[in-house]
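Numbering (my numbering), first residue to last: 189 to 785.
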């Protein structure tokens, strides 16, 4: 009997030591291993990561929230091909794959027009005049458009200006085709981008592209070879592109006397994933009902997909060592470091899922806490977000220091040899944004982007483990300092450096509606979670919670429509804004402002 008790003691002691001493290198090498296949939400690798992280919380002694470490929510996982997907031209069947944005349906005997790059620069743009649709009628037809823009093949093109980079995006081309009345869209690769490849690859169906959003158009992709075979003698796609590149003028045309059939059959698939949540309760009768959230996202890109920055990386595992196994490891180590301290306030350790899909996990966490836990547990008074903290070279940024008036009095002395830069605003779209939008002070710790960001080369051996250990010591001391504050309060004058109302990459006109990412598919329109200061939306009396349903002539059904509209119109345009405020539909003429970079 004594021997059994002794063995039990040894087991418990060794388990505790193992949990507390697991190194940064051990954690990151596992999370960023090929076995976990990039930790994409909804995939097996993400499930394995979840099990591993739960086991780490269990070993650390951090208790679960609400009887479970798992906080589940539903996400879009992929589009499934459920029937025939095909495109035929004069009876010849093309090598074809649907675009995941596409509606399901079929088009028979539709006329076909070639619309170049599918781009229409706003007519009042003083710097550039270009419209692929100007000389053709696309209404009720199938448009064939190329990837890219006229800047490819011409270094002097105005399309090389970053202000125009959004016109390359697929969602813009789809929305512009819809705006011109097209019922179908066929995408072909611009041939100048394929010159270094020995042969053309067949179309690829990206099942997860677009996050489950679907546009009101039937769309797919075919090979250049097939399209070239259908052009008139002497015509070729590469010659057409070279002509556009040289002249910087459209070369659109109708394709007469053709018989086409386009059919797409897709179904949206959803799945359940989980945030991992653990709690360390404070010991002060009053302050223990104030919670500081210590978080990082644990998911990544899987095998790349549409968010990959790696032109040669499609199909390769994107291990995500810095993004964000590094931040995940910091949260795990902090849980171990802080568990034996006598703290007044309570701490919530959260490893968010589906950040790469639009901050879905952190949004869910904040909404659930506000709706379910605030009354029974208490309120969140602050949040620390660790995202991409593993590639320290010259500096580590701590962003959002102006979000709480009390932050600045609590930062410890920077570790010897390190350069920690305090920045009043936050400019990164990461999980702290979900808290800022709910008026919860938040800080964003990051060593910033690098050449391996969102690439298959973001691997564990490139992490600066010495710097991570210094960050751990610093963060622990900072949390202890926070615990000594009488209060932590959101700065009502805080303005985030982000302005997500401007659409992709932040270019175009400015409305001032900060959109809710990951909103329910049942909502038709875009929910504004906040309204920017001195913005057209604020002047029109749009309020947080209102739903934008139309901007000018463009119906707004989702965030893609919002981004398109703010790229389609220009600053200074006077348009009618339509929105829902409660059950009341409101309309008002506004003048769009110039976007702020």
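Note that the Cβ used here is the ideal one computed from N, Cα and C, for glycine as well.
Computed from a predicted model, the values in this text were never measured in an experiment.
- Between residue 210 and residue 510, the alpha-carbon positions lie close to 18 angstroms from each other.
- According to the DSSP assignment, residue 551 belongs to the alpha helix (DSSP H) that extends over 548-556.
- Fewer than three beta-carbon pairs drawn from the segment 261-275 and the segment 569-580 are found closer than 8 angstroms, and the two stretches are therefore not classed as touching.
- As the crow flies, the alpha-carbon of residue 353 is around 43 angstroms from that of residue 561.
- Using a Cβ distance threshold of 7 angstroms, residue 263 and residue 517 do not count as a contacting pair.
- Straight across, the Cα-Cα distance linking residue 727 with residue 355 is about 29 angstroms.
- Within 10 angstroms of the beta-carbon of residue 533 lie 16 or more other beta-carbons, which makes it buried.
- With contacts defined by Cβ atoms closer than 7 angstroms, residue 612 and residue 589 form a contacting pair.
- Taking all protein chains in view, the Cβ of residue 777 is surrounded by fewer than 16 other Cβ atoms within 10 Å, so the residue is classified as exposed.
- For residue 563, no alpha helix (DSSP H) encloses it, and the DSSP letter there is neither H nor E.
- The Cβ atoms of residue 308 and residue 342 lie no closer than 7 angstroms to each other.
- Annotation for residue 608: the continuous beta strand (DSSP E) segment containing it runs 608-611.
- By the neighbour-count definition (other C-beta atoms within 10 Å, threshold 16), residue 385 is an exposed residue.
- Every alpha helix (DSSP H) stretch that sits fully inside the segment 706-745 and reaches 4 residues is listed by chain position as 724-727.
- Within the DSSP bridge table, the entry for residue 413 names no partner.
- Approximately 40 angstroms separates the beta-carbon atoms of residue 454 and residue 482; this is outside 8 angstroms, ruling out the contact.
- A buried status is given to residue 394, since no fewer than 16 other beta-carbon atoms sit within 10 Å of its beta-carbon.
- DSSP places residue 539 inside the beta strand (DSSP E), whose first and last residues are 534-540.
- Taking one beta carbon from each stretch, the segment 280-300 and the segment 439-449 have 3 or more pairs nearer than 8 angstroms; the two touch.
- Restricting attention to beta strand (DSSP E) runs no shorter than 3 residues, the segment 258-325 encloses them at 258-269, 274-277, 284-286, 293-296, 300-302, ordered along the chain.
- For residue 479, the enclosing beta strand (DSSP E) starts and ends at 478-485.
- Among the bridge pairs identified by DSSP, residue 441 is matched with 302.
- In this structure, residue 253 and residue 466 form a Cβ contact; the two beta carbons are roughly 7 angstroms apart against a cut-off of 8 angstroms.
- CA-to-CA, the gap between residue 420 and residue 432 works out to about 18 angstroms.
- Only exposed fits residue 344, as fewer than 16 other CB atoms lie within 10 angstroms of its CB.
- When the five nearest sequence neighbours on each side are left out, the beta carbons in the same chain lying within less than 6 angstroms of the beta carbon of residue 323 are those of 440, in order along the chain.
- Here DSSP, grouped into helix, strand and coil, assigns residue 366 to helix.
- Residue 505 sits in coil when the DSSP states are folded into three classes, being neither helix nor strand.
- Taking the Cα of residue 219 as reference, the smallest distance to any Cα among 237, 212, 228, 229 is reached at 237.
- Counting along the chain, the unbroken beta strand (DSSP E) around residue 772 starts and ends at 772-779.
- Per the coordinates, the alpha-carbon of residue 539 lies some 9 angstroms from the alpha-carbon of residue 520.
- Distances from the CA of residue 572 to each of 563, 595, 558, 399 were compared; the closest alpha carbon is that of 595.
- Per DSSP, the continuous alpha helix (DSSP H) segment holding residue 433 begins and ends at 425-435.
- Taking each of 632, 376, 621 in turn and checking the Cα distance to residue 587, the smallest one comes out for 632.
- If you compare the alpha carbons of 724, 756, 752, 423 with that of residue 781, the shortest gap goes to 724.
- Shown here for residue 257: same chain residues with a beta carbon closer than 7 angstroms to its own, the five before and five after excluded, namely 242, 245, 464, 465, 466 in chain order.
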